[in-house]
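Residue numbers (this note's numbering): 1 to 74.
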């Protein structure tokens, strides 16, 4: 027989951390990762809402849009 484990409530599955706290921690982890990538000279993936396109932003401010062969600067 297979044994299934049931979670008593939502807080048990997140170790007592609220959704808001998890969201804040996730945002902080992304910000920290972006800072580390910038220090290492690596690009960061972003999305341009106006153009509806994804792009890589390099530490020097240069942007390379996905599928675009030209580079633009901001």
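From the three backbone atoms N, C-alpha and C, an ideal C-beta is built for every residue, glycine too.
Between residue 55 and residue 48, the beta carbon gap of about 6 Å places them in contact (Cβ cut-off 8 Å). Ranking 38, 51, 25 by CA distance to the CA of residue 60 puts 38 first. For residue 56, the enclosing beta strand (DSSP E) has its first and last residue at 53 to 57. Going by beta carbons, residue 66 and residue 53 fall inside the 8 Å limit.
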